[in-house]
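Below is one structure, written out as structure tokens, with a few remarks after it.
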Amino acid sequence: YVSIRANSREQRLIDSLKKRGADGDYQVKEMNEVLNRETSIGRLYESVERYARGKKGIVYAVSIAHARRIAACYSAHGLEAVAIDSRTPASERRELVEDFRRGKVKVLVNVDIFSEGFDCPDVEFVQLARPTLSLAKYLQQVGRG
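Position one of the sequence shown corresponds to residue 16 (my numbering), numbered consecutively onward.
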């Protein structure tokens, strides 16, 4: 497991999040404004490149737009990544998940689609590009890997 350092740029960004949603977790709109930026997404890719190069993984994003930007960034760097979200048709979602299971796709980027009920034993890394104050959500997400 790799976690961000207490005094890192990433931790300072998370510490800047002040608004809370109805569930008490970080507010999605504020997270998206702070984290859905080229520099933040570039650092996410650098982390995968450094610690999980060539491995199969799942990335949890803040929003659909964030998930799509992450997948586009990773793909632009030669890492086969796809974004799956609530707008992805069921048949396409099944096909993309099957491509992931077969290794054709290396990274699934999603917004809470694979937090519960998804099992793929050969997942080698999980990247939380979406901070959370919820221990239950955190455990569900990291438990996929």
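Cβ coordinates follow ideal geometry from the N, Cα and C atoms, glycine included. Please read these numbers as outputs of a predicted model, since none were measured by experiment.
Please report how far the alpha carbon of residue i lies from the alpha carbon of residue j, in whole angstroms.
| i | j | result |
| --- | --- | --- |
| Tyr75 | Lys152 | 11 Å |
| Glu53 | Ser101 | 23 Å |
| Met46 | Asp40 | 11 Å |
| Arg108 | His92 | 23 Å |
| Phe12 | Thr147 | Outside the displayed span of the chain (16 to 160) sits residue 12, for which this structure offers no information. |
| Lys119 | Ser18 | 28 Å |
| Leu94 | Arg35 | 34 Å |
| Ser90 | Asn22 | 30 Å |
| Asp38 | Glu61 | 31 Å |
| Phe133 | Val157 | 12 Å |
| Glu110 | Leu154 | 27 Å |
| Leu150 | Asp30 | 17 Å |
| Gly32 | Arg20 | In the sequence on display, residue 32 carries Leu and not Gly. Whole-angstrom Cα-Cα distance: 17 Å. |
For residue i, which option in the options has the closest C-alpha, if you only look at C-alpha atoms?
| i | options | result |
| --- | --- | --- |
| Ile79 | Arg68, Thr103 and Arg65 | Thr103 |
| Leu28 | Ser149, Ile56 and Ile73 | Ile56 |
| His81 | Gly72, Asn51 and Glu110 | Asn51 |
| Gly72 | Gln155, Leu154 and Asp137 | Asp137 |
Could you tell me how far apart the beta carbons of residue i and residue j are, in whole angstroms, since I believe they sit closer than 8 Å?
| i | j | result |
| --- | --- | --- |
| Val122 | Ala96 | 4 Å |
| Val63 | Gln142 | 6 Å |
Cβ atoms of residue j and residue i: under 8 Å apart, would you say?
| i | j | result |
| --- | --- | --- |
| Lys70 | Glu113 | no |
| Ala67 | Arg83 | no |
| Ala144 | Val77 | yes |
| Ala86 | Val124 | yes |
| Arg116 | Cys88 | no |
| Arg6 | Glu25 | Examination of residue 6 is not possible in this model, given that the chain is present from 16 through 160 alone. |
Could you tell me which whole beta strand (DSSP E) segments of length 3 or greater appear in the stretch 84 to 115? Those beta strand (DSSP E) runs which fall completely within the stretch 84 to 115 and span 3+ residues are 96 to 99.
Beta strand (DSSP E) segments (min. 3 residues) lying fully within the stretch 20 to 88: 72 to 75
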